[in-house]
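Residues 99 to 383 (my numbering) are what the sequence shown spells out, left to right. We treat Cβ as the ideally placed atom computed from N, Cα and C, and that holds for glycine.
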Amino acid sequence: MAEYKLREMRPSDVLAVVRIANQSFLETARLGWLMGRRIVQRLISDRECLFVVEDSRGEVVGFVVGGCRGDRATIGWIAVHPNHRGRGIGGMLLKAVEDRAREKGIRVVETGTPFARPFYEKYGYECVRVERSMILELVGRSISIPEGVRIRTIMLDDLPMLLEFMGDEDEWLRFARAYFAAYENDPEKAILVTSEEENVLGVAVGQSDKTCSELAALSYLFVKEEGDAVKVLNSFAYVASSRGHRWLGVELPIMGITEELLEKMGWQDAKLPFFWTRYRLRKKL
């Protein structure tokens, strides 16, 4: 490892970091403007766990963006240039964050990753939680309004009625958070699903993905009767399809719908570059 040197990240490293990210990540960081903005913000606000590795020519060949807060250290992004992989650089970067955590009296490091679980496990990290996401390909699939239901956009005037329908203030607040998040840009993706007699079956809220407009992601679903959950989900799929989306994504769990049921309906484990199942890993120092 004599040819490589670890040091703290500097503002002059931003371009090199963005380029490495573009060649390494299959996720949102591949958008140069997005990664650049995030790195610059971290350099401004908190750079104590930002490190790079440079080669013998002084060129940056790897980086890590970590953080220390409270009793936990975290690793947000870590990447090594493709031409320099397999030489222990990733381990150097992990150790840099771990050593900084120890200096601050922190004994736990956590991270989340969609694809790099074996890498972290190699360095002593254990998977403590799986955040499962699934997708449905809408293109080429016959999608129609479920039989016996009606769909309409949720209006502001519906909110008091929905509070009564849900019967729980905390549940309603979770709905309202999702609703207002979608209200500005995607109001048509907040839907009320009723029977033909106009009895409310449930609500579903989602948004177009900020990275890929072809993906609509469900952010909230509520039904009074679990047997209505599939109707509400399929109603949202119809809305997403009619708006030209290619994929519909969900994060589990979903009220009234099991993973096994989704698989039977044609849903698959999410492995898109911008929407994926995430593994939460932890290492005790």
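Collapsing the DSSP output to three states places residue 119 in a helix.
Between the stretch 341–351 and the stretch 208–215 there are fewer than three inter-stretch CB-CB distances shorter than 8 Å, so the stretches are not counted as touching. Approximately 7 Å separates the beta-carbon atoms of residue 279 and residue 317; this is inside 8 Å, confirming the contact. Considered as a whole, the stretch 177–246 harbours 187–201, 215–220 as its complete alpha helix (DSSP H) runs of no fewer than 4 residues, in chain order. Residue burial annotation: residue 196 is buried, with at least 16 other C-beta atoms found within 10 angstroms of its C-beta. Below 8 Å, too few C-beta pairs join the stretch 259–267 and the stretch 229–241 to call them touching: fewer than three. It is roughly 27 Å from the alpha-carbon of residue 102 to the alpha-carbon of residue 380.
Note: residue 106 is bridge-paired with 149 in the DSSP secondary-structure output. Apart from the 5 residues on each side of it in sequence, residue 122 sits with its Cβ closer than 8 Å to the Cβ of 177, 178, 179, 180 in its chain, given in chain order.
Pairing residue 328 with residue 299 gives a Cβ-Cβ distance that is not under 8 Å.
In the DSSP assignment, residue 288 falls outside any alpha helix (DSSP H) and within the unbroken beta strand (DSSP E) covering 288–293. Counting C-beta atoms within 10 angstroms of its own C-beta, residue 198 has 16 or more neighbours from the protein chains shown and is therefore classed as buried.
Comparing alpha-carbon positions, the option among 167, 203, 182, 220 lying closest to residue 192 turns out to be 220.
Taking the Cα positions, residue 136 is about 40 Å away from residue 324.
Taking the CA atoms as reference points, residue 115 sits about 20 Å from residue 218. Nearest in C-alpha terms to residue 341, of all of 359, 364, 242, is 242. Apart from the 5 residues on each side of it in sequence, residue 277 sits with its Cβ closer than 7 Å to the Cβ of 252, 288, 303 in its chain, given in chain order.
Under DSSP, residue 380 takes part in a beta bridge, and its partners are 208, 224. Counting of Cβ neighbours within 10 angstroms places residue 270 among the buried residues, the total reaching 16 or more.
Each of 364, 175, 160 was checked against the Cα of residue 140, and the nearest Cα belongs to 175.
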